[in-house]
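This report concerns only the one structure given below.
Residue numbers (my numbering), protein chains in the order written: chain U, 1 to 518; chain F, 1 to 410.
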């Protein structure tokens, strides 16, 4: 029987990135994926005969260039950044072009300048935080030289532009996005967009304290070196997972699918491998868990192997999704009123104002869905015609807010919410309802089931101030190593967080290869 | 805002009747009250408990010379049952519970994730899947959170089970004459059940005195009949009810520590440096690195390997006869080395003894030239005494009758 140096659990982009990096570092790596094929949340599915969805994500906006280069990701298309169009229901459309609105159409020159000023400020500040993305968070009590140099560089970066920039950074860091947007902007649509982008996938409204962090997180992502950019790879989003898989296979990773892990072996604080659900035991000195931290420690590792305090902390990780994923099968390309034809392949955001986002959030606090939701969408079959039959079209939308724990239950709630979502679409694209061949709405509960994603939360845990950096997913397991020696975390639940960046997995692998013990 | 109606107020008052009795009374209270000559009570975990009933000295000598009856009902008691009870407790506590047989008792302790002691106590194995954990502090949230992933049922039974400690050289004679046939077969840390008043009484050969002694547990309803049964049979064996003052003397002689007296429990400590690892309070012998993982294991073993244990608990013998309670310990009369946590003049050892917490390397590397500074208040004036102290092994008093089986009658 072949023996392995490392077992990676979970074949999502982070698992694949971790496995590839480890293999390139000379380790013999086995990757175990529970589903029939790898890809995790990038895994496509046929949601109606002839119509496919490319997975949970419909855009790439933070794939780390260094990760992509390092693991040898063969992916084209990042040179073409896609626009974002805000539709507020009137014909007055705002379109942001380039990387997060380098140029902007549909607003006055004054407002465009105001947006540029805000964009510049936020990108500068996000740049400070960005320094921490590519390395394990500093370990309190064991700060390394590398940590000090990162902190020093961040500090220097801050004061390099003068004291007032430093002050402004500390002032704004934990603010809410609504107040920041109010400081800079007058246009409701732009404020609405900032509010939407800051809160998408996070259980916060724009007026909730610290909601600006979500926007910083987005603006800490680059595409081809351009901050805040977004693209769809050549061949569509469905080409993403195969690219990661190819890179892993090329690096020598053994990938086994339909291979659900039953247990992570651990004895007196040390792991020695895994036991598959079918009972097969596979041993390895290193186990990398690129799945949700809660699944890892509450289900796969015997709780007796963890401390009570640690189990408490892991159980307390907030990880209830708030976003529903809609896939529509259409018999023609929909016509959104006011959407420029050359922005059709980009991101379309349906939001009227910041108030709308805030009001949409209110019911979510009490376990109800938004009766007037906000959403972003793309038309994936435009980039990848294989997703729909000839003449047809697919629409992919992320709709919020749709709380995981719906008070009334999603069984009855889902048809009601779908109706609300379709009515919203109908208002922006009259006639779209008649062109619908099939609609597939995945609530967070469905997302949980489809992608083995506890809580249906694509970040594997709320991306909020108390669950970031040294506290991601929880202090005793931050920095990729865990209280179980040899067991590492490498999913979005680890630093820095979710989104298709490859960073948590890649960072984890680099940490393992460095031989660091802390 | 509307004022609540009178009826609502009355209802609320009735529902919080407990505020009328801020200190609870144990099931033995009527008997204790009848015997109390000095009305000297203290608060033990919310219960009214006697510090002394008549004369502390006579009570102490009842423990060491005849038979002493001490009400341990306020002791916090948890019942842990279920198929995973052994595995659960093995993860919770420091010792190997797999080695604890049915009808046996284990002195043990448990820690948080950082290896800091949450409490010490005794674990009674009443059945294959049935345990009772007795301790000083309350831990229900910790115990319940520890149960994640285990099939166990955890119930606090402090208020349901009455307990008596019967300690002293004639304690076996009292039990024999009370009609508990077979109790002589109990070896130290053994448990057996005996019929009592239409139910059962659980008797273990355990105690907190370092003497021959037993602990008896019954449901509250049978408490008074048990007291009367022992009291009646005990008369000829000079049985005496005792308070905590006497027990405290005996436990210091036996070298036992008390949570939140000789060390601060991890959940009780307000200051970050007051928490203690087992090795810092003399409980290193409880830690079993070979058994399956348990709370605090990694932290304790790391601290041992990295040699960053900060404190040590020692027994001291101090010259003179003035108890050195809470005295500061010095090295070479000038460097502060620690604090005495408990001290008495031992009537049995005829020595001035103390338990002290020292800051390493004092007590570990520097064990000589230790002194304690005693402030003896004499008619509104402190006599400052610098007395030589010597580290001595605990227990200070070791009695052959504690372990002799069958036990002696006097």
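In this text, a Cβ means the ideal position worked out from N, Cα and C, and glycines have one as well.
- Task: Give the DSSP bridge partners of residue 167 of chain F, in chain order.
- Result: F:68 and F:213.
- Message: Measuring only from the beta carbon, is residue 221 of chain F closer than 6 Å to any heavy atom that is part of the ligand PLP?
- Response: Judged by which ligands are present, the structure shown has none, so any question about the ligand PLP falls away.
- Item | Beta-carbon proximity check, residue 165 of chain F vs residue 72 of chain F, cutoff 7 Å | Yes; because the gap between Cβ atoms is below 7 Å, this pair is in contact.
- Delimiting residues of the alpha helix (DSSP H) encompassing residue 157 of chain U: Where residue 157 of chain U is concerned, the enclosing alpha helix (DSSP H) stretches over 145-160.
- Message: Would residue 149 of chain F pass as an interface residue toward chain U - the criterion being a Cβ-Cβ separation below 7 Å?
- Response: Interface annotation, residue 149 of chain F: in contact with chain U, CB-CB separation under 7 Å.
- Where the region 5-19 of chain F meets chain C: residues whose CB sits under 9 Å from a CB there: The structure shown contains no chain C; its protein chains are U and F.
- Task: Would you verify that the beta carbon of residue 312 of chain U is, or is not, closer than 7 Å to some beta carbon of chain F?
- Result: Output row for residue 312 of chain U: interface = yes.
- Does the Cβ of residue 18 of chain F have 16 or more other Cβ atoms within 10 Å, making it buried, or fewer, making it exposed? So residue 18 of chain F ends up on the exposed side.
- Message: Let me see if you follow: with CB-CB separation under 7 Å, is residue 142 of chain U close to chain F or not?
- Response: No, its Cβ sits nowhere closer than 7 Å to a Cβ of chain F.
- Residue-chain proximity (residue 308 of chain F, chain U), Cβ-Cβ < 7 Å: Residue 308 of chain F does not count as touching chain U.
- Task: Kindly identify the DSSP beta-bridge partner or partners of residue 577 of chain U.
- Result: Since the first and last residues shown for chain U are 1 and 518, residue 577 of chain U lies out of range.
- Message: Pull the bridge partners of residue 219 of chain F from the DSSP assignment, please.
- Response: According to DSSP, residue 219 of chain F bridges with F:161.
- Please confirm whether residue 171 of chain F and residue 210 of chain F have their CB atoms less than 7 Å apart. Inclusion of residue 171 of chain F and residue 210 of chain F in the CB contact set at 7 Å is not warranted, their separation being larger than that value.
- Query: Counting contacts by CB-CB distance shorter than 7 Å, is residue 91 of chain F in contact with chain U?
  - Reply: Taking Cβ atoms only, chain U reaches closer than 7 Å to residue 91 of chain F, which makes this a yes.
- Query: In three-state terms, what does DSSP make of residue 483 of chain U?
  - Reply: Of the three classes helix, strand and coil, the one that applies to residue 483 of chain U here is coil, per DSSP.
- Task: Determine the direct distance from the alpha carbon of residue 22 of chain U to that of residue 396 of chain F, and round the result to whole angstroms.
- Result: Inter-residue distance for residue 396 of chain F and residue 22 of chain U is about 59 Å (C-alpha atoms, whole angstroms).
- Taking the alpha carbon of residue 504 of chain U as the point to measure from, which residue in U:12, U:389 and U:109 has its own alpha carbon closest? Among U:12, U:389 and U:109, the Cα nearest to that of residue 504 of chain U is on U:12.
- Taking the continuous beta strand (DSSP E) assigned at residue 110 of chain U, which residues delimit it? Premise fails: residue 110 of chain U lies in the alpha helix (DSSP H), 109-130, not in any beta strand (DSSP E).
- State yes or no: is the beta carbon of residue 510 of chain U nearer than 7 Å to at least one beta carbon in chain F? No, no contact with chain F.
- Query: Exposed or buried, residue 293 of chain F, counting other C-beta atoms within 10 Å across all chains shown (16 or more means buried)?
  - Reply: So residue 293 of chain F counts as buried.
- Item | Extent of the continuous beta strand (DSSP E) to which residue 402 of chain F belongs | From DSSP, residue 402 of chain F is part of no beta strand (DSSP E); its letter is neither H nor E.
- Message: Counting C-beta neighbours from all protein chains within 10 Å, is the total for residue 285 of chain F 16 or more, i.e. buried, or is it exposed?
- Response: If you draw a 10 Å sphere on the C-beta of residue 285 of chain F, you find fewer than 16 other C-beta atoms in it, and that means exposed.
- Among residues of its own chain, excluding the 5 on either side of residue 336 of chain U, which ones have a beta-carbon nearer than 7 Å to its beta-carbon? Within the same chain, residue 336 of chain U has close Cβ partners 87, 348, 428 and 429.
- Out of F:233, F:197 and F:241, point me to the one whose CA is closest to residue 221 of chain F's CA. When C-alpha distances from residue 221 of chain F are compared across F:233, F:197 and F:241, the shortest belongs to F:197.
- Message: In this structure, how does DSSP classify residue 457 of chain U when only helix, strand and coil are distinguished?
- Response: Taken through DSSP and simplified to helix, strand or coil, residue 457 of chain U comes out as coil.
- Exposed or buried, residue 280 of chain F, counting other C-beta atoms within 10 Å across all chains shown (16 or more means buried)? Burial call: buried.
- residue 345 of chain F - partner residues in DSSP beta bridges: Looking at the DSSP output, residue 345 of chain F sits in a beta bridge with F:352.
- Query: Using 7 Å as the limit for Cβ to Cβ distance, is residue 298 of chain F near chain U?
  - Reply: The Cβ of residue 298 of chain F sits closer than 7 Å to at least one Cβ of chain U.
- Message: So within the region 9-64 of chain F, which uninterrupted alpha helix (DSSP H) runs reach at least 4 residues, ignoring any that extend past its ends?
- Response: Runs found: 29-35.
- Between residue 518 of chain U and the rest of its own chain, which residues show a CB-CB distance below 6 Å, the 5 nearest in sequence each way excluded? Annotation note: pLDDT 46 at residue 518 of chain U (below 50); position unreliable, coordinate value reported separately. Hits under 6 Å: 139 and 142.
- Return no unless some Cβ of chain U is closer than 7 Å to the Cβ of residue 39 of chain F. It does not; no Cβ of chain U falls within 7 Å.
- In whole angstroms, what is the alpha-carbon distance linking residue 332 of chain F and residue 369 of chain F? The straight-line gap from Cα to Cα measures roughly 5 Å.
- Kindly confirm or deny that the region 297-308 of chain U and the region 369-381 of chain U touch, where touching means at least three C-beta pairs closer than 8 Å. Touching, no.
- Could you tell me whether the Cβ of residue 77 of chain U comes closer than 7 Å to any Cβ of chain F? No - not a single Cβ of chain F is within 7 Å of the one on residue 77 of chain U.
- Going by CA-CA distance only, name the one from U:358, U:457 and U:384 that's closest to residue 53 of chain U. Taking only the C-alpha atoms, the option nearest residue 53 of chain U is U:384.
- Between residue 65 of chain F and chain U, is there a C-beta pair that is closer than 7 Å? No, residue 65 of chain F lies away from the interface with chain U (no Cβ there is under 7 Å from its Cβ).
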